[in-house]
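Remarks on the structure that follows.
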Amino acid sequence: MWKRITAKTEGVYIADTEQFVTKKMDKLRAEYGGFPGDLHFGLTKKAGAREPMYERGTEIFNRRQISIVSMEECDDIAEKMGISHIFPEWLGANIAISGFSALTPLKEGSRIIFPSGASLLCEGENDPCIQPGEVIQSFYPDQPKLAAAFVRHAMGRRGIVCIVERPGDICTGDAVTIHSYEPKRAKKKIEKV
C-alpha cells in the first residue's frame, strides 16, 4: 500500500512579494498553512479560475499551501521546449527535489517527509498555466511562443501541490522520504462461460 522513495531537497523557495516568482532560501519553516510570508500561505484562500464550481472570491480550503517540482521534470520540460533550462523559481515552486523523476503523477494522499519531521501531504498535480510560461518567455526573448509551449509541454510534469500535515524546518540539501500511496486494487473474479 505504501512505497518509500528517497530523494534530495535541491532548494526551498518563497514568494514573499506580490509576484509568484520565488527566491531561494537556505531554510524555511513549514507551518500549518505553508511557509509564513509566502504568497500562497494560509489555511484558506479565495476561489479563482482553478475552482470554477465556486463563485470567484469564495473562501475555500487552501490545497496549494506548498508546491514542489522535480529537477528532472524541469529539465524534461526545458528539453521539450527547446531551451537550455527552467529554474524552479520561474514556476513559483516552494521546493525542488532531485532523484524522483515521476513526481507529478504522485498519488493524492502520499506524504513527503523531511529530517525535521516536517511532513507534506500531496493534494495532486499542479496544473500548468500561462503565468510561468510568460516568465520563461522573458528569459528567452528570441524564441517566440514559449508561454503557450510551456502550458503544453508541462502538462503532467509541473509538479504537485501540498498541504502541511506536520510543521517543521525544510532545508536545502535535506534528504527527503516520499511515502507514495499505492491503493490496493481488488482482484477481479473471472467468470467461466
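Residue 1 is where the sequence shown starts when you use full-length UniProt numbering, and the numbers rise one by one after that.
All C-beta atoms in this analysis are idealised placements derived from N, C-alpha and C, irrespective of residue type, glycine included.
Requested in this report: Note down the Cα distance separating D174 from D127, rounded to an integer number of angstroms.
Outcome: Position 174 of the sequence shown, counted from the start, is the residue given in the question as residue 174. Position 127 of the sequence shown, counted from the start, is the residue given in the question as residue 127. Cα-Cα distance, rounded: 26 Å.
Query raised in the report: Taking G109 as the reference, which of A93, P183 and E31 has the closest Cα?
Result: For the purposes of this step, residue 109 is taken as residue 109 along the sequence shown, with counting starting at 1. Of the candidates A93, P183 and E31, P183 places its Cα closest to the Cα of G109.
Query raised in the report: Can you tell which of L146, R111, K188 and R185 has its C-alpha closest to the C-alpha of S177?
Result: Position 177 of the sequence shown, counted from the first residue, corresponds to residue 177. Residue identity check: residue 177 is Thr in the sequence provided, not Ser. Sorting L146, R111, K188 and R185 by C-alpha distance to the C-alpha of T177 places R111 at the top.
Query raised in the report: Under a three-way DSSP split, which group does L91 fall into?
Result: Within the sequence shown, residue 91 is the residue found at index 91, counting from 1. Three-state DSSP puts L91 in a helix.
Report task. Could you tell me the distance, in whole angstroms, from the CA atom of T27 to the CA atom of K188? Result -> Counted from its first residue, the sequence shown places residue 27 at position 27. Counted from its first residue, the sequence shown places residue 188 at position 188. Per the sequence presented here, residue 27 reads as Lys, with Thr not at that position. Cα to Cα, K27 sits roughly 48 Å from K188.
Requested in this report: Below 8 Å on the Cβ atoms is my guess for R63 versus E123; work out the distance and round it to an integer in Å.
Outcome: Position 63 of the sequence shown, counted from the first residue, corresponds to residue 63. Position 123 of the sequence shown, counted from the first residue, corresponds to residue 123. Right, the Cβ-Cβ distance comes to about 4 Å (below 8 Å), so this counts as a contact.
Query - Rounded C-alpha distance that separates E31 from P167 - result: Stepping through the sequence shown from its first residue, residue 31 is reached at position 31. Stepping through the sequence shown from its first residue, residue 167 is reached at position 167. Going from the Cα of E31 to the Cα of P167 covers about 5 Å.
Query raised in the report: What are the start and end residues of each continuous beta strand (DSSP E) run of 3 or more residues lying completely inside the region 112-193, in chain order?
Result: Correct list: 119-125, 160-166, 168-171 and 175-181.
Query raised in the report: Exposed or buried, P144, counting other C-beta atoms within 10 Å across all chains shown (16 or more means buried)?
Result: As a working mapping, residue 144 is identified with position 144 in the sequence shown. With fewer than 16 Cβ atoms within 10 Å of its Cβ, P144 is classed as exposed.
**Report entry** Cross-strand partners of E59 (DSSP beta bridge)
**Finding:** The residue given as residue 59 occupies position 59 in the sequence shown. Looking at the DSSP assignment, E59 forms a beta bridge with K46.
Query raised in the report: What three-state label does DSSP hand K80 in the structure shown?
Result: As a first step, residue 80 must be located in the sequence shown, where it is residue number 80. Correct three-state label for K80: helix.
Query raised in the report: Is P88 closer than 8 Å to A78 when the C-beta atoms are compared?
Result: Translated into positions along the sequence shown, residue 78 becomes position 78. Translated into positions along the sequence shown, residue 88 becomes position 88. Not in contact: A78 and P88 (Cβ atoms no closer than 8 Å).
Query raised in the report: What's the call for S138, buried or exposed, on a 16-neighbour Cβ count within 10 Å?
Result: As a first step, residue 138 is located in the sequence shown; it is residue number 138 there, counting from the start. Around the C-beta of S138, fewer than 16 other C-beta atoms lie within 10 Å, and the residue is accordingly described as exposed.
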